[in-house]
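Heads up, the thing below is written out as structure tokens.
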Amino acid sequence: MKGILGRKVGMTQIFSETGSRIPVTVIEVQPNVVTKVLTDEVNGYVATQLSVFDKKASRTNKPDAGQFAKAQTTPKRFIKEVRNMSGYELGATVTADLFAAGELVDVTGISKGKGFAGTIKRHNQHIGPKSHGGGGGSQPVRQTGSLGDISGNRVYKGMTMPGHLGHVKTTVQNLEIVKVDVENNYILVKGSIPGPKKSFVMVKEAVKGLPNREAVKLVDVQEVILMNELVEKAKKYNIEVTVGMHSSELKQLIEEAEAKEGDK
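Going by this note's numbering, the letters in the sequence shown line up with residues 4 to 267, in that order.
Next up, the structure:
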């Protein structure tokens, strides 16, 4: 098992070389510091504690400050254990290259809080009839309705009622990693993940063990922008631009055409 901690930045869309539009979530993954190594002999289970995102030392209690000092790192805001993750020493760093494009992962976070919600929004119940006597009593429009049998003399546990919706630990499974950028510390995951922007998330290896997918070939935006500029220049010299031509090839043809024009 492997995992890493990060922060949700937001959603955007990217394009593959085939022209498909892919909705992705950007996860900021700064280098994680190993602040504790748990073993089966000492702790009864195997895990690695990861910490990320700095915070003020004045906001750190003494036990945590001592643990950070052992790992020779600054105090961190987000601390989580990854079960069955081993092979790291205290103070080591885990970066985004732990994963690769095409891998399937499970993302865990705290879902968006919706506040106090009724049964229609919270439990997907039907709206009652709005005519023919509806609106109260045995035919409520947006009310809870019956809470159970008359002979029960109580309301049974698990009855669907209004209450607080959201702001709970949620995991979305089998999300595909589209791109990993170690230099800029981010991971692109296909689809949406739990939580609002700037919320902390944990990205772990997919527990269901489904086979990984082939990495999607993405459009190089910088190459496209450069190619568009070169195509406009090529029109001045009547240079034929073919499908699949690389920017370096077109740039060489333009330089040759400019050299010929300079000789004249």
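For glycine and all other residues, C-beta sits at the position ideal for the given N, C-alpha and C. No experiment lies behind these values; they were computed from the predicted model shown.
Just to confirm before moving on: does the CB-CB distance between residue i and residue j stay below 8 Å?
i: D100; j: K207; result: no
i: S89; j: T38; result: no
i: F81; j: V183; result: no
i: K117; j: P199; result: no
i: Q255; j: K211; result: no
i: V171; j: G112; result: no
i: G194; j: L178; result: yes
i: K58; j: S202; result: no
i: T163; j: H129; result: no
i: V40; j: L93; result: yes
Starting from residue i, follow the alpha helix (DSSP H) in both directions and report where the run begins and ends.
i: Q255; result: 250-266
i: V85; result: Counting along the chain, V85 falls outside any alpha helix (DSSP H), though it belongs to the beta strand (DSSP E) covering 79-86.
i: K238; result: 224-239
Considering residue i, what are the terminal residues of the beta strand (DSSP E) in which it resides?
i: P26; result: 24-31
i: G69; result: Segment 65-73 is the alpha helix (DSSP H) holding G69; no beta strand (DSSP E) there.
i: N46; result: Per DSSP, N46 belongs to no beta strand (DSSP E); it is in the alpha helix (DSSP H), 43-46.
Regarding residue i and the ligand ZN, is the C-beta to nearest heavy atom distance less than 7 Å?
i: I130; result: Only the bare structure without any ligand can be found here, which leaves the ligand ZN out of the picture.
With burial defined as no fewer than 16 other Cβ atoms inside 10 Å of the residue's Cβ, what is the status of residue i: buried or exposed?
i: V29; result: buried
i: F119; result: exposed
i: L150; result: exposed
i: N35; result: buried
i: I153; result: exposed
i: S19; result: exposed
In its own chain, which residues sit with a C-beta less than 7 Å from the C-beta of residue i, not counting the 5 before and 5 after it?
i: K124; result: L168
i: V43; result: Checking the sequence shown, residue 43 turns out to be Asp, not Val. Contacts found: V49.
i: V32; result: I7, G9, A99, N188, Y189, I190
i: L213; result: L107, N177
i: A95; result: V37
May I ask you to list the residues that DSSP assigns as paired with residue i?
i: H167; result: F119
i: V204; result: G9, G112
i: I190; result: I30, V183
CB-CB under 8 Å to residue i, same chain, minus the five flanking residues each way: which ones, in chain order?
i: E131; result: Here residue 131 turns out to be Gly, not Glu, going by the sequence shown. Cβ within range, chain order: G137, G138, Q142, P143, V144, R145, Q146, G148.
i: I269; result: Outside the displayed range of the chain (4 to 267) lies residue 269, so it cannot be described from this structure.
Considering only residues of the same chain and omitting the five flanking positions on each side of residue i, which have a CB-CB separation below 6 Å?
i: T76; result: V36
i: N87; result: M4, V49
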